[in-house]
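Novice: In the numbering used here, the protein residues as written are 1 to 191. Think of the CB as a built atom: it goes at the ideal place given N, C-alpha and C, for glycine as much as any other residue. As the structure is a prediction and not an experimental result, all values here were calculated from the model.
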Ligand SMILES: [Fe+2]
């Protein structure tokens, strides 16, 4: 774990301890994340490992008690996630490459079965140095694509242990929801 990542973990811990609205917490986390993206030693080689055949989310830190988690997300050229949610807030900072972020508006409450109407609500490109709030509990549905000719690498911070939060995929045509669970890749690298 790099010194700068250790410091960042301490800073996020303090931000989460102080608390506030999700908008306030994500704004503070984004500000701290923005200040460290140009550190070339931020991630270790292990944290940058890529698994074959799918997008990778390497565990960097799970806060004891599960109040937040940090991972390195690596999407290879051309890879695209399903439309999905997180069940919590999230902040992403891009280290390398370009990520296309498509947001969707969900009409109605978050139900774990059935169908719900989702409509596109905007898209943007995020590139190295960009930091953004990918989600808050009430604006939580998106799809992510690697939009560069190199893998896109980002630091992801979530308001819980993403592997323990029940999550949903959405069929963008029918609105059908399907529960899924995130696994951390290369979790063993987290000390
Ligand atoms: Fe996501």
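Would you kindly check if the distance between the Cβ of residue 115 and the Cβ of residue 175 is under 8 Å?
Specialist: For this step, residue 175 is matched to residue 175 along the chain shown. For this step, residue 115 is matched to residue 115 along the chain shown. The answer is yes: Cβ separation under 8 Å.
Novice: On the criterion of 16 or more Cβ atoms from any shown chain inside 10 Å, does residue 121 qualify as buried, or is it exposed?
Specialist: Here the question's residue 121 lines up with position 121 in the chain shown. Exposed: under 16 other Cβ atoms inside 10 Å.
Novice: When you measure from the CB of residue 134 to every non-hydrogen atom of ligand 1, does any distance come out below 7 Å?
Specialist: Looking up residue 134 in the chain shown gives position 134. For ligand 1, at least one heavy atom lies less than 7 Å from the Cβ of residue 134.
Novice: Considering just the uninterrupted stretch of the alpha helix (DSSP H) at residue 21, what are its terminal residues?
Specialist: Along the chain shown, one-based indexing puts residue 21 at 21. Where residue 21 is concerned, there is no enclosing alpha helix (DSSP H), given that its DSSP letter is neither H nor E.
Novice: With a threshold of 16 other CB atoms inside 10 Å of the CB of residue 38, please say whether the residue is buried or exposed.
Specialist: Taking the first residue of the chain shown as 1, we reach residue 38 at position 38. Residue 38 should be labelled exposed.
Novice: Give the DSSP bridge partners of residue 158, in chain order.
Specialist: Position 158 of the chain shown, counting from 1, holds the residue named residue 158. For residue 158, which the question treats as bridged, DSSP gives the partners 69 and 90.
Novice: By Cβ distance below 6 Å, which residues in the same chain neighbour residue 103 in space, the five residues on each side in sequence not counted?
Specialist: On the chain shown, residue 103 is found 103 positions in, with the first residue counted as 1. For residue 103, where only same-chain residues beyond five positions count, the Cβ hits under 6 Å are 121, 122 and 142.
Novice: Apart from the five residues just before and just after residue 3, which ones in its own chain have a Cβ nearer than 8 Å to its Cβ?
Specialist: The residue labelled residue 3 in the question sits at position 3 within the chain shown. So no residue of the chain qualifies.
Novice: Tell me whether residue 86, by its Cβ, gets closer than 7 Å to a heavy atom of ligand 1.
Specialist: Position 86 of the chain shown holds residue 86. Answer for residue 86: yes, Cβ within range of ligand 1.
Novice: What number of angstroms, rounded off, separates the C-alpha of residue 110 from the C-alpha of residue 12?
Specialist: By 1-based counting over the chain shown, the position of residue 110 is 110. By 1-based counting over the chain shown, the position of residue 12 is 12. C-alpha separation (whole angstroms): 27 Å.
Novice: Given 7 Å as the limit, tell me if residue 105 has its C-beta closer than that to any heavy atom belonging to ligand 1.
Specialist: Along the chain shown, read from residue 1 onward, the residue named residue 105 stands at position 105. Every heavy atom of ligand 1 is 7 Å or more from the Cβ of residue 105, so no.
Novice: Under the criterion of a Cβ to heavy atom distance below 7 Å, does residue 157 qualify as lining ligand 1?
Specialist: The sequence position of residue 157 within the chain shown is 157, counting from 1. Not under cutoff, so the answer is no.
Novice: Look at the alpha carbon of residue 181 and the alpha carbon of residue 60, and state the distance between them as a whole number of angstroms.
Specialist: For this step, residue 181 is matched to residue 181 along the chain shown. For this step, residue 60 is matched to residue 60 along the chain shown. The alpha-carbon atoms of residue 181 and residue 60 are separated by roughly 18 Å.
Novice: Using a threshold of 7 Å, is the CB atom of residue 144 nearer than that to any non-hydrogen atom of ligand 1?
Specialist: As a working note, residue 144 is residue 144 in the chain shown. Because some heavy atom of ligand 1 lies under 7 Å away, the Cβ of residue 144 counts as near it: yes.
Novice: Can you find the residues in the same chain that come closer than 8 Å, C-beta to C-beta, to residue 107, ignoring five residues on each side of it along the sequence?
Specialist: Numbered from its first residue, the chain shown carries residue 107 at position 107. 116, 117, 118 and 119, listed in sequence order.
Novice: In the structure shown, what three-state DSSP assignment does residue 15 receive?
Specialist: Working through the chain shown from its first residue, we reach residue 15 at position 15. DSSP places residue 15 in helix when its eight states are reduced to three.
Novice: Would you mind reading off the limits of the beta strand (DSSP E) that contains residue 146?
Specialist: Position 146 of the chain shown holds residue 146. Start and end: 141-146.
Novice: Could you check whether residue 161 and residue 66 sit closer than 8 Å to each other, using their CB atoms as the reference points?
Specialist: Counting from 1 along the chain shown, the entry for residue 66 is found at position 66. Counting from 1 along the chain shown, the entry for residue 161 is found at position 161. Taking 8 Å as the Cβ cut-off, residue 66 and residue 161 qualify as a contacting pair.
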